[in-house]
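Please read the structure below before turning to the comments.
Numbering (my numbering), first residue to last: 14 to 135.
Right, here's the structure in full:
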């Protein structure tokens, strides 16, 4: 089982991902609502865990990102860069986070990593 991690921005402050949403009609004429989170190349904090990371928006850009009239491609492209790694941290958490029934603060509590040797048939 892979080790889960908690990623924080600015010592645990709330933050926002860059996302897109849309709605469209399927062949039957029913409206379908969809959304996605945009990703980018990883920064120094996230690269040890994955080869991409969600785009984390700077709070100064929230209004601009949410502006439906925004058409400046250069300004949007500037927002899609990896978040400043100096403002982030990451630490291992319990595999309790992997179960939807566990919905408490303990899911994001730091744990010590333990080295495990892979068995012959694992």
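A virtual CB, placed ideally from N, CA and C, is assigned to each residue, including glycine.
- Cβ contact annotation for residue 44 (same chain, cutoff 7 angstroms, sequence separation greater than five): 36, 38, in chain order.
- From the listed residues 117, 52, 116, 47, the smallest Cα separation to residue 70 is found for 52.
- In this structure, the CA atom of residue 19 is about 24 angstroms from the CA atom of residue 73.
- Each residue's CA atom was taken as its position, placing residue 125 and residue 42 some 52 angstroms apart.
- The straight-line gap separating the alpha-carbon atoms of residue 26 and residue 118 is approximately 15 angstroms.
- C-alpha of residue 40 to C-alpha of residue 98: approximately 44 angstroms in a straight line.
- Residue 38 is bridged by DSSP to 44.
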